[in-house]
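Peer 1:
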Amino acid sequence: MNSLRTLPVLSIALLLPGFAAAQESSFDPKNIWINPGFYSAHFDSGKGLENVNQGLGFEYPLNDTFRVTAGTFRNSDRRQSNYVGLYALPFEFYGVKFGAVVGGFDGYPNYRNGNWFPAILPVAAIEGKNWGLNIAYVPTIKNRLYGAVTFQLKYRFGNHE
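Residue numbers (mature numbering (1 follows the signal peptide of the UniProt record, and there is no 0)): -22 to -1, 1 to 139.
Take a look at the structure:
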């Protein structure tokens, strides 16, 4: 059996310690960020790639540093992709949080035949009371994955002070 097929289960198992840390505060649905996918500014714009990557994603803060995330979107190859991961944003500079998202993706036909693969991406997050923006760098992996800077607009309901 291909070990990458077990990546979603392994990812959830790796996220469990983060969920345990979240027990310090009670779960509050109004803290869930919802996003409609990504906009990808590809480095190789001449390939006819899909820049508007529509989908549905969720992000939930466990504390000020860690957030769990999961979602689905139409990727740059015009295929359906899924993701699961953990944001670690330990640095803040003028209100912008910096760190990385670690997790897994699937659905890219030229990379592991569309199966799950692990990824770590540098990310910056700008967040207001209800609106936020995640900016991530996706490296080019020749003949497998097209590099881009991605922009993920996000929103959360409720009153946030």
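We put the beta carbon where it would ideally sit given N, CA and C, even for glycine.
Fair warning: this is a prediction, and the values are worked out from it, not measured in the lab.
Go through its chain and collect everything with a Cβ distance to Ala97's Cβ below 7 Å, but skip five positions before and after it.
Peer 2: Result list for Ala97: Gly81, Gly82, Phe83, in chain order.
Peer 1: Where do the ends of the beta strand (DSSP E) carrying Asn112 lie?
Peer 2: Where Asn112 is concerned, the enclosing beta strand (DSSP E) stretches over 109 to 116.
Peer 1: Expressed to the nearest angstrom, what Euclidean distance is found between the alpha-carbon atoms of Ser23 and Asn108?
Peer 2: Cα to Cα, the separation comes out at about 32 Å.
Peer 1: According to DSSP, is Lys75 part of a helix, a strand, or is it coil?
Peer 2: Three-state result, Lys75: strand.
Peer 1: Three or more C-beta pairs closer than 8 Å, one from the segment 34 to 52 and one from the segment 60 to 71: is that the case here?
Peer 2: In short, these stretches touch, since the Cβ pair count reaches three.
Peer 1: Given a cut-off of 7 Å on the beta-carbon distance, is the pair Asn53 and Asn88 in contact?
Peer 2: Going by C-beta atoms, Asn53 is not nearer than 7 Å to Asn88.
Peer 1: From this set, Ala103, Ala19, Phe129, His20, which residue's C-alpha is nearest Gly73's C-alpha?
Peer 2: Per the Cα distances, Ala103.
Peer 1: What span of residues does the beta strand (DSSP E) with His20 cover, start to end?
Peer 2: Element bounds for His20: 11 to 20.
Peer 1: Are Val79 and Val101 close, meaning C-beta to C-beta below 7 Å?
Peer 2: Cβ atoms of Val79 and Val101: closer than 7 Å.
Peer 1: Could you work out which residue in Glu139, Arg134, Lys25 is closest to Ile10 when comparing CA atoms only?
Peer 2: Nearest C-alpha to Ile10: Arg134.
Peer 1: In the structure shown, what three-state DSSP assignment does Asn93 receive?
Peer 2: It is coil, neither helix nor strand.
Peer 1: Alpha carbon to alpha carbon, how far is Gly15 from Asp42?
Peer 2: Rounded to the nearest angstrom, the two C-alpha atoms are 23 Å apart.
Peer 1: Quick test of your reading: Phe69 and Gly77, contact by CB under 8 Å. State the CB separation rounded to the nearest angstrom.
Peer 2: Phe69 to Gly77, Cβ: 6 Å. Contact.
Peer 1: On the DSSP bridge assignment, give the partners of Phe59 in chain order.
Peer 2: For clarity, residue 59 is Ser in the given sequence; the question names Phe instead. Phe51, per the DSSP bridge assignment.
Peer 1: Name the one or two DSSP bridge partners that Glu105 has.
Peer 2: Looking at the DSSP assignment, Glu105 forms a beta bridge with Gly110.
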